[in-house]
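In the numbering used here, the protein residues as written are 9 to 151. Here is the structure we will look at.
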């Protein structure tokens, strides 16, 4: 007889800043999804996605940071890692690794897709929050 474990429920708690708009996640991999309305000077809204896959899932911190950095291209052709700012800090006892990089956003439109974004003048801010129940992965992209 096969044993079935109940799905792992995430435990990270956070307050959504005023002005952010909660959206229905466009994928089952997403725990939450938000639109950050554009401000004066921006041509479009930004978007934040929060992922949680459970214990030991979602890849290593460094693999995710490297993948996020590789989703950005620099206008001068240099590797984005040269311009990326990576930090590790402790927030409420949890280890958080952040990445901040600007450039042209070139990620796949969806996992496994041949279609890619080609959005110039973008900034990617992302983080891995390490919790005892598994890592959370947050990715913010916008002008």
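For each residue, glycine too, the CB sits at the ideal point set by N, CA and C.
Am I right that residue 104 and residue 135 are in contact with their C-beta atoms under 8 Å? What's the rounded C-beta distance? Confirmed, Cβ separation roughly 6 Å.
Hey, how far is the Cα of residue 148 from the Cα of residue 117? Annotation: residue 148 to residue 117 spans about 15 Å, alpha carbon to alpha carbon.
Classify residue 143 as buried or exposed, calling it buried when 16 or more other Cβ atoms lie within 10 Å of its own Cβ. Here residue 143 is buried: its Cβ has 16 or more other Cβ atoms, across all protein chains shown, within 10 Å.
Start and end residues, alpha helix (DSSP H) containing residue 70: In the DSSP annotation of this structure, the continuous segment of the alpha helix (DSSP H) that includes residue 70 starts and ends at 69-78.
Do residue 82 and residue 114 have their C-beta atoms closer together than 7 Å? It is not a contact, given that the beta carbons lie outside the stated cut-off.
If you count every other CB in all the chains shown that lies within 10 Å of the CB of residue 29, and 16 or more means buried, which is it? So residue 29 ends up on the exposed side.
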